[in-house]
Amino acid sequence: MKFYIKTRNRLIKTKIPAPGTGNLVKKLSKIESRSMHGQVPIAWEKAENFNIYDIAGNKFIDFTSTIFVTNIGHANPRLLKYLSRAIKKKFIHSYAYINRVREKYIKELVKFAGKGFEKAFLMSAGTEATEAALKLMRLYGQKLKKRKLGIICFEGNWHGRTLGAQMMSGNKEQKKWIGYHDKNIHHLPFPYPEKLKEKNSEKFFKDSLKKLQRKIDFKKDICGVMVETFQGWGAVYYPKKYIRILSKFCKKNKILIAFDEMQSGFARTGYSFGYKYYNIIPDLICCGKGMGGGIALSGVIGKKKIMDLPEVGNMSSTNSANPIACNAGLAVLEEIKIKKLIKNTKIKGKILLKALNEIKDNNSHSIEKINGEGLIAAIIFKKNKNIKLKLRELVEKCMSEGLLIVYTGRESVKIGPPLTISKDALLEGIKILENNIRILFNK
Ligand SMILES: Cc1ncc(COP(=O)(O)O)c(C=O)c1O
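Have a look at this one:
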């Protein structure tokens with residue numbers, strides 16, 4: 018059979034998409050909002066460590082971690098053990114009534130966040146965490162001055178799909194549905210490294226504040242800055258110096274900084290949290306995705322005086338901190354520690370970035386640059402009118418050979434395997450990617 022592939026890490030024994038996939042897509046499309054659709058057609062049946070199995074038993078190497086969630090590997094044995102323990106014990110939910118596993122988990126989580134963090138509270142979705150940070154920053158501001166409500170965000174950043182999160186996001190198209198703009202949410206231009214070529218970070222920052230400065234007084238009007246650790250679509254980091262200048266500016270003007278660590282948390286970048294890359298300490302960390310290893314879990318971590326600003330009972334959620342989620346979170350933290358995932362991710366990240374840069378050097382006519390840190394990276398392709406279609410083709414071609422990468426819908430593809438991936442599978446996946454880039458972009 019022409020499509021047959023068998024290696025230690027992959028098994029492709031049917032045409033891809035596997036028989037039955039189209040039918041499932043059709044059935045779901047009839048009953049589910051199309052807003053959930055758009056991914057490449059692979060019908061997942063199960064996933065284990067860095068492998069995904071589809072409904073026909075084809076085995077893929079996963080370079081997505083679903084969407085940077087399964088940092089500790091799909092169906093991690095410790096996670097399964099902890100979940101089974103909770104199920105056996107018949108302890109699935111306790112709303113906001115206290116329980117022991119919640120105490121144990123939050124203690125570990127706060128410790129994991131690093132120096133300067135004292136309290137956390139838990140929710141289920143990432144967008145809830147960024148919304149909660151927005152609320153906390155405003156409560157903080159209002160305590161100092163009634164009008165200190167302003168939030169500074171960045172163009173091109175993304176923070177989730179609920180109202181406040183979309184208002185803070187920098188994508189104008191996506192928030193048209195809101196119908197108005199909160200005049201206390203401001204967006205600064207993102208300091209793309211290309212833009213900083215001529216101006217240094219300090220000048221860029223000062224220039225970008227000028228327009229705002231005409232309307233507002235930073236000390237009196239701004240309570241917080243929301244920073245996505247890197248721009249998701251392309252793993253685009255801020256220049257380190259820029260974040261340090263921003264941090265100083267915030268301290269001087271009594272402004273809080275929240276880091277949206279959804280994609281960058283829980284060892285993904287080779288740091289516990291991505292803020293450590295910049296060598297600053299934010300006031301708040303918003304986290305989710307890798308936090309629960311596949312179980313819905315998100316949270317905000319910060320200093321006591323900020324975290325205790327909401328009144329008693331005024332910041333909680335029905336499913337937050339449920340024992341299943343806390344057990345999952347605990348398994349994630351223990352796995353990161355025991356498997357030394359921070360150190361190992363740094364090492365594997367170097368292998369990944371070196372290989373991707375070699376691919377770029379051999380395909381410099383089509384690839385603009387490689388961004389990344391640890392085991393999250395993006396290949397940024399040169400823009401042209403067909404690039405999105407071409408990259409969709411690239412993702413589908415890789416899939417047909419047993420490798421799943423992230424289709425971003427922009428001029429990039431993203432790579433973020435479980436941090437537990439073997440070196441062998443990492444290199445095998447990179448080879449598939451390289452071959453397909455060469456074939457597709459040299460046609
Ligand atoms: C940076 C960032 N913030 C927030 C979110 C929202 O998280 P969730 O989809 O869990 O609501 C995401 C999700 O992709 C994200 O990447």
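If you read the sequence shown in my numbering, its first letter stands for residue 18, the second for the next number, and so on.
Don't be surprised by glycine CBs; every beta carbon is placed ideally from N, CA and C.
Just so it is clear, the structure is predicted and the values come from calculations on it, not from any experiment.
Taking 8 Å as the cut-off, does the stretch 199-207 touch the stretch 159-169 (at least 3 CB pairs, one atom from each stretch)? yes
Beta carbon of A137, beta carbon of V317: below 8 Å? yes
In angstroms with no decimal places, state the Cα-to-Cα distance between G330 and E418. 51 Å
Do the stretch 264-276 and the stretch 103-113 make contact, defined as three or more Cβ pairs closer than 8 Å? no
First and last residue of the uninterrupted alpha helix (DSSP H) at S429: Here S429 belongs to no alpha helix (DSSP H); instead the beta strand (DSSP E) covers S429 to I432.
Can you give the Cα-Cα distance for F368 and F221, rounded to whole angstroms? Before going on, a small fix: residue 368 reads as Ile here, not Phe. Cα-Cα distance, rounded: 33 Å.
Indicate, with yes or no, if ligand 1 has a heavy atom lying under 7 Å from the CB of H176. yes
Decide if the stretch 427-437 is in contact with the stretch 247-255; the criterion is three or more beta carbon pairs, one per stretch, under 8 Å apart. yes
Which residues in the same chain have their Cβ closer than 7 Å to the Cβ of F85, if we skip the five residues on either side of it in sequence? Q280, R285, K306, G307, I393 and G433
Taking Cβ positions, are G310 and F80 nearer each other than 8 Å? no
How big is the Cα-Cα spacing for A142 and A149? 11 Å
Tell me A137's beta-bridge partners as DSSP assigns them. I318
With hydrogens ignored, establish whether the beta-carbon of E390 is closer than 7 Å to any heavy atom of ligand 2. Looking for ligand 2 in the displayed structure turns up nothing; the ligands present are ligand 1.
Pull up the CB-CB distance for H91 and N66, whole angstroms please, since I reckon it's below 8 Å. 6 Å
According to DSSP, is I174 helix, strand or coil? Note on residue identity: the sequence assigns Asn, not Ile, to residue 174. Correct three-state label for N174: coil.
Can you tell me whether DSSP reads E120 as helix, strand or coil? helix
Is L421 closer than 8 Å to F77 when the C-beta atoms are compared? yes
Could you tell me the alpha carbon to alpha carbon distance between H198 and K121, rounded to whole angstroms? 41 Å
What's the call for G55, buried or exposed, on a 16-neighbour Cβ count within 10 Å? exposed
Per DSSP, what kind of secondary structure is A461 in: helix, strand or coil? The question about residue 461 has no answer here: the residues shown for the chain are numbered 18 through 460.
Quick one: is the Cβ of I84 within less than 7 Å of any heavy atom of ligand 1? yes
T286 CB to nearest heavy atom of ligand 1 below 7 Å: no
Secondary structure at E410, three-state DSSP: helix, strand or coil? helix
Report the residue from K377, T246 and L229 whose alpha carbon sits nearest the alpha carbon of D238. L229
Verify the contact flag: E172, CB atom, against every heavy atom of ligand 1, threshold strictly below 7 Å. no
From L96 to T38, what does the alpha carbon distance come to, in whole angstroms? 29 Å
Tell me the DSSP secondary structure of N388 in three-state form. strand
Comparing alpha-carbon positions, which option in Q183, P210 and I456 lies nearest N379? I456
Alpha carbon to alpha carbon, how far is R155 from K293? Give it in angstroms, no decimals. 25 Å
Out of A372, E172 and H110, point me to the one whose CA is closest to P208's CA. E172
Distance cut-off 7 Å: T8 Cβ against heavy atoms of ligand 1: With the chain covering 18 to 460 only, the question about residue 8 has no answer from this structure.
Ranges of the beta strand (DSSP E) found wholly within the stretch 315-403, counting only runs of at least 3: 315-319, 384-390 and 393-398
Specify the secondary structure class of D47 as computed by DSSP and reduced to three states. One point to set straight first is that residue 47 is Lys, not Asp, in the sequence displayed. Three-state result, K47: helix.
Looking at the secondary structure, which residues open and close the beta strand (DSSP E) in which D79 lies? K76 to D79
Less than 8 Å between the beta carbons of K5 and E385, yes or no? In the structure as shown, the chain starts at 18 and stops at 460, and residue 5 therefore has no counterpart that could be examined.
Quick check: is the beta carbon of T87 nearer than 8 Å to any beta carbon in chain D? Included in the structure is just one protein chain, with no chain D present.
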